[in-house]
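Numbering (my numbering), first residue to last: 386 to 592.
Single-structure report; data block below.
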């Protein structure tokens, strides 16, 4: 990574990466970003300096450890996603806004809207996909998807710092894939819910 000054495009890429990746692995985003700043791999914007504090690194590292295993347990992972709907989206917006800080309020507000939207998109896609995979009795596809998420987050953060334009291209592809997955799996879950409801309805005694 680099400590060279970052232009506006680079800051937007970092804000977008923080927002989007927060919808997948919030604690990994917070820990890895803070660790990179703490070790001097990157010069964090002033609004993100809090992430490199010892206290924040300890807290985010512990939650990253918990989430790593929680996300590998079929069924529990969907409960974890449900609870974190209230955490990931506002956190993604806050992290994206912090890239620009209070001195650039217009950019910070735009970044917050972008970060929150990207966090919501990735979170919904992840939660929908994992819920659909949980209908399968085998756990391997679930674990494979979880490991994919574990690897995608650091790669996306690195790209946003080192190759922002490549990151934007990759993000565009990822968003298209996520929207498609959400559409397909949401339809599958709706059909499954109707089928299960029909089974229970058929089992009720007639009056």
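The beta-carbon is built from N, C-alpha and C at its ideal position, and this holds for glycine as well.
Everything numeric in this text was worked out from a predicted model, so none of it was measured.
- In the DSSP assignment, residue 449 falls within the alpha helix (DSSP H) that extends over 439 to 455.
- At least 8 Å separates the beta-carbon of residue 534 from that of residue 411.
- Contact check between the stretch 554 to 564 and the stretch 505 to 513: three or more CB pairs, one atom from each, fall below 8 Å, which counts as touching.
- Going by DSSP, residue 423 is part of the alpha helix (DSSP H) stretching over 393 to 423.
- Here the C-alpha atom of residue 547 lies approximately 29 Å from the C-alpha atom of residue 451.
- Taking 3 residues as the minimum length, the stretch 475 to 531 contains no beta strand (DSSP E) run wholly inside it.
- Note on residue 414: 16 or more other CB atoms within 10 angstroms of its CB, so buried under the neighbour-count rule.
- Under the 10 Å beta carbon count, residue 445 is surrounded by 16 or more other beta carbons and is classified as buried.
- Straight-line spacing of the CA atoms in residue 401 and residue 518 works out to 27 Å.
- Closest in C-alpha terms to residue 493, from the list 481, 504, 503, comes 481.
- In the structure shown, residue 430 adopts coil according to DSSP, grouped into three states.
- Taken atom to atom, the span from the alpha-carbon of residue 571 to that of residue 515 is near 11 Å.
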